[in-house]
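**Student:**
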(Lines of atoms letter the chains of each structure in order from A; the text may use other names.)
(Lines give C-alpha, C1' and ligand atoms only; values in the text may rest on other atoms or scores of the structure.)
Protein backbone atom coordinates (compact mmCIF):
# COMPACT_ATOMS: atom_id res chain seq x y z
CA UNK A 1 0.00 0.00 0.00
CA UNK A 2 1.39 3.38 -0.98
CA UNK A 3 1.57 6.02 1.73
CA UNK A 4 0.21 9.49 1.12
CA UNK A 5 0.79 12.71 3.00
CA UNK A 6 -1.79 14.60 5.01
CA UNK A 7 -1.71 17.26 2.28
CA UNK A 8 -2.56 14.58 -0.33
CA UNK A 9 -5.57 13.48 1.74
CA UNK A 10 -6.78 17.05 2.24
CA UNK A 11 -6.95 17.52 -1.55
CA UNK A 12 -9.71 14.89 -1.79
CA UNK A 13 -13.11 16.51 -1.35
CA UNK A 14 -15.16 13.74 0.28
CA UNK A 15 -18.54 15.36 0.92
CA UNK A 16 -21.95 14.29 2.19
CA UNK A 17 -24.87 14.52 -0.18
CA UNK A 18 -28.47 13.33 -0.27
CA UNK A 19 -29.76 11.16 -3.11
CA UNK A 20 -32.68 13.03 -4.67
CA UNK A 21 -32.98 10.96 -7.84
CA UNK A 22 -32.26 7.32 -8.68
CA UNK A 23 -33.11 5.50 -11.88
CA UNK A 24 -31.89 2.46 -13.75
CA UNK A 25 -28.94 3.27 -16.04
CA UNK A 26 -30.29 1.35 -19.04
CA UNK A 27 -27.25 1.97 -21.25
CA UNK A 28 -24.68 0.78 -18.68
CA UNK A 29 -22.62 -2.33 -19.50
CA UNK A 30 -22.87 -3.50 -15.88
CA UNK A 31 -26.07 -3.04 -13.84
CA UNK A 32 -26.06 0.47 -12.38
CA UNK A 33 -28.20 3.42 -11.38
CA UNK A 34 -27.93 7.06 -12.35
CA UNK A 35 -27.98 8.97 -9.09
CA UNK A 36 -28.65 12.67 -8.62
CA UNK A 37 -27.04 13.79 -5.39
CA UNK A 38 -27.68 17.13 -3.65
CA UNK A 39 -24.57 18.45 -1.88
CA UNK A 40 -26.21 21.63 -0.62
CA UNK A 41 -26.04 25.24 -1.84
CA UNK A 42 -22.23 25.49 -2.10
CA UNK A 43 -21.80 22.49 -4.44
CA UNK A 44 -25.32 21.81 -5.73
CA UNK A 45 -26.61 18.78 -7.63
CA UNK A 46 -24.25 16.27 -9.22
CA UNK A 47 -24.89 13.09 -11.22
CA UNK A 48 -23.12 9.78 -10.78
CA UNK A 49 -23.30 6.21 -11.99
CA UNK A 50 -23.43 3.72 -9.11
CA UNK A 51 -23.16 -0.07 -9.41
CA UNK A 52 -25.23 -0.73 -6.30
CA UNK A 53 -28.14 -2.60 -7.89
CA UNK A 54 -27.60 -5.83 -5.94
CA UNK A 55 -28.17 -4.28 -2.51
CA UNK A 56 -30.44 -1.29 -3.24
CA UNK A 57 -33.60 -0.50 -5.20
CA UNK A 58 -34.01 3.04 -6.56
CA UNK A 59 -36.69 3.80 -3.96
CA UNK A 60 -34.31 2.64 -1.17
CA UNK A 61 -31.79 5.27 -2.25
CA UNK A 62 -34.06 8.33 -2.28
CA UNK A 63 -33.33 10.50 0.73
CA UNK A 64 -30.24 8.49 1.73
CA UNK A 65 -27.14 10.45 2.66
CA UNK A 66 -23.99 9.24 0.87
CA UNK A 67 -20.30 10.12 0.84
CA UNK A 68 -18.83 11.10 -2.53
CA UNK A 69 -15.69 12.57 -4.05
CA UNK A 70 -16.79 15.84 -5.64
CA UNK A 71 -13.51 17.20 -7.02
CA UNK A 72 -12.63 14.57 -9.66
CA UNK A 73 -12.88 15.75 -13.26
CA UNK A 74 -16.15 14.82 -14.97
CA UNK A 75 -16.07 11.37 -16.58
CA UNK A 76 -18.06 10.15 -19.56
CA UNK A 77 -19.74 6.81 -18.80
CA UNK A 78 -21.69 5.85 -21.91
CA UNK A 79 -24.24 8.62 -22.44
CA UNK A 80 -23.83 9.89 -18.84
CA UNK A 81 -21.38 12.59 -17.77
CA UNK A 82 -20.55 11.51 -14.20
CA UNK A 83 -19.80 14.48 -11.96
CA UNK A 84 -18.87 12.77 -8.69
CA UNK A 85 -17.82 9.38 -7.31
CA UNK A 86 -20.23 7.91 -4.77
CA UNK A 87 -18.20 5.72 -2.41
CA UNK A 88 -18.85 2.22 -1.14
CA UNK A 89 -17.29 -1.06 -0.08
CA UNK A 90 -17.45 -4.53 -1.65
CA UNK A 91 -18.97 -7.13 0.65
CA UNK A 92 -17.97 -10.81 0.70
CA UNK A 93 -20.05 -11.40 -2.47
CA UNK A 94 -18.52 -8.48 -4.38
CA UNK A 95 -21.68 -6.38 -4.04
CA UNK A 96 -21.25 -2.68 -3.27
CA UNK A 97 -22.54 -1.34 0.06
CA UNK A 98 -22.63 2.46 0.17
CA UNK A 99 -20.43 4.47 2.50
CA UNK A 100 -22.92 6.50 4.54
CA UNK A 101 -22.82 8.63 7.72
CA UNK A 102 -24.47 6.82 10.63
CA UNK A 103 -26.17 10.05 11.77
CA UNK A 104 -27.63 12.91 9.68
CA UNK A 105 -25.15 15.69 8.87
CA UNK A 106 -25.52 18.93 6.88
CA UNK A 107 -25.30 18.53 3.11
CA UNK A 108 -21.86 19.36 1.73
CA UNK A 109 -20.04 18.52 4.98
CA UNK A 110 -16.46 17.47 4.25
CA UNK A 111 -15.10 14.19 5.64
CA UNK A 112 -12.18 14.86 7.97
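Residue numbers (UniProt numbering): 1 to 112. We put the beta carbon where it would ideally sit given N, CA and C, even for glycine.
Check each candidate in 95, 6, 107 and 4 and name the one with the smallest Cα separation from residue 54.
**Tutor:** On the chain shown, residue 54 is found 54 positions in, with the first residue counted as 1. If we check each option's Cα against that of residue 54, 95 comes out closest.
**Student:** Could you tell me if residue 46 is buried or exposed, where buried requires 16 or more neighbouring beta carbons within 10 angstroms of its beta carbon?
**Tutor:** For the purposes of this step, residue 46 is identified with residue 46 of the chain shown, where counting begins at 1. Buried: at least 16 other Cβ atoms inside 10 Å.
**Student:** Cα-Cα, which of 3, 5, 10 and 1 is closest to residue 112?
**Tutor:** Stepping through the chain shown from its first residue, residue 112 is reached at position 112. Nearest C-alpha to residue 112: 10.
**Student:** Where do the ends of the beta strand (DSSP E) carrying residue 98 lie?
**Tutor:** Walking along the chain shown from the start, residue 98 turns up at place 98. Going by DSSP, residue 98 is part of the beta strand (DSSP E) stretching over 96-98.
**Student:** Please name the residue, chosen from 90, 48, 35 and 4, that lies closest to residue 59 on a Cα-to-Cα basis.
**Tutor:** To locate residue 59, count along the chain shown from 1; it is residue 59. Ranking 90, 48, 35 and 4 by Cα distance to residue 59 puts 35 first.
**Student:** Let me know the alpha helix (DSSP H) ranges lying completely inside the segment 45-85, each 4 residues or longer, listed in chain order.
**Tutor:** 58-61
**Student:** Just how far apart, CA to CA, sit residue 43 and residue 82?
**Tutor:** Here residue 43 refers to the residue found at position 43 when the chain shown is read from its first residue. Here residue 82 refers to the residue found at position 82 when the chain shown is read from its first residue. The straight-line gap from Cα to Cα measures roughly 15 angstroms.
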